[in-house]
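Report on one structure; see the data block that follows.
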């Protein structure tokens, strides 16, 4: 890789283990409307494209029902109130960010989670390493398309004034691989998140890391 000056991170499944809180909130919303709960492995397979896609897939037969919007709104409210119950950084993430940021490399977050929650989580866990103005979540209402569209990544690159050859994207899903490709930057695929190495390889991953420390070693190579 070329000398790296900036790293854009996915949030869920890459920096933070959010799966339990997402699953609990989704299942509470499903039960409230009389639908069966989903297993943690099912929820794991559904996440990555925002809460709307998650709820659509979690509903019976993965279909939008007449009360889809009500279920989604309920899930959003429940999750907003319970997004920090079991959520926390993966082991090794904070030391990784310390190493990378102390070397002068810029760090950012791009997520399909609602923008307000992304900023809240970023400030709570990563304020020492990542500025909130480059912690960007879902804001399609403002005309910024969600991943795998490159809009948010490109906005960060423009803010940083760093050429694409000197920026990498780190994520744990096929959505992240597509996002990096669409933005014209390299992708590092993390195997500790929501998708397996085999799944990532099938979806075009070429650079793998099994621990956060490996990310630091890769991006800090001279």
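Residue numbers (our numbering): 8 to 229. The beta-carbon is built from N, C-alpha and C at its ideal position, and this holds for glycine as well. Owing to the predicted nature of the structure, the values given are computational and were not obtained by experimental measurement.
- Excluding its 5 nearest sequence neighbours in each direction, residue 24 has C-beta neighbours in its own chain below 6 Å: 97, listed in chain order.
- Straight across, the Cα-Cα distance linking residue 201 with residue 43 is about 22 Å.
- Taking 7 Å as the cut-off, the Cβ atoms of residue 82 and residue 33 count as close.
- Bounds of any alpha helix (DSSP H) do not take in residue 197; it lies within the beta strand (DSSP E) bounded by 193–197.
- Under DSSP, residue 24 forms a beta bridge with 95.
- In the three-state reduction of the DSSP assignment, residue 30 falls in the helix class, which pools H, G and I.
- For residue 120, the enclosing beta strand (DSSP E) covers residues 113–121.
- Annotated three-state conformation of residue 85 is helix, per DSSP.
- Distance from the CA of residue 156 to the CA of residue 54, rounded to the nearest whole angstrom, comes to 16 Å.
- In the three-state scheme derived from DSSP, where H, G and I count as helix and E and B as strand, residue 55 is classed as coil.
- Among the bridge pairs identified by DSSP, residue 13 is matched with 113 and 174.
- Judged by their CB atoms, residue 179 and residue 21 are nearer to each other than the 7 Å cut-off.
- A residue is called buried once 16 or more other Cβ atoms fall within 10 Å of its Cβ, and residue 8, having fewer, is exposed.
- Annotation for residue 142: no alpha helix (DSSP H) segment contains it, though the beta strand (DSSP E) segment containing it runs 142–145.
- Nearest Cα to residue 177 within the set 130, 193, 209 and 132: 193.
- Relative to residue 174, the option among 52, 182 and 191 whose CA is nearest is 191.
- Beta-bridge partners assigned by DSSP to residue 151: 146.
- In the three-state reduction of the DSSP assignment, residue 179 falls in the coil class.
- With contacts defined by Cβ atoms closer than 7 Å, residue 153 and residue 57 form a contacting pair.
- Contact annotation: residue 109 and residue 126 have beta-carbon atoms that are not nearer than 7 Å.
- The three-state reading of DSSP puts residue 68 in helix, counting H, G and I together.
- Of the residues assessed, residue 120 falls on the buried side of the cut-off, its CB having 16 or more other CB atoms within 10 angstroms.
- In this structure, DSSP gives residue 40 a state outside helix and strand, which the three-state scheme calls coil.
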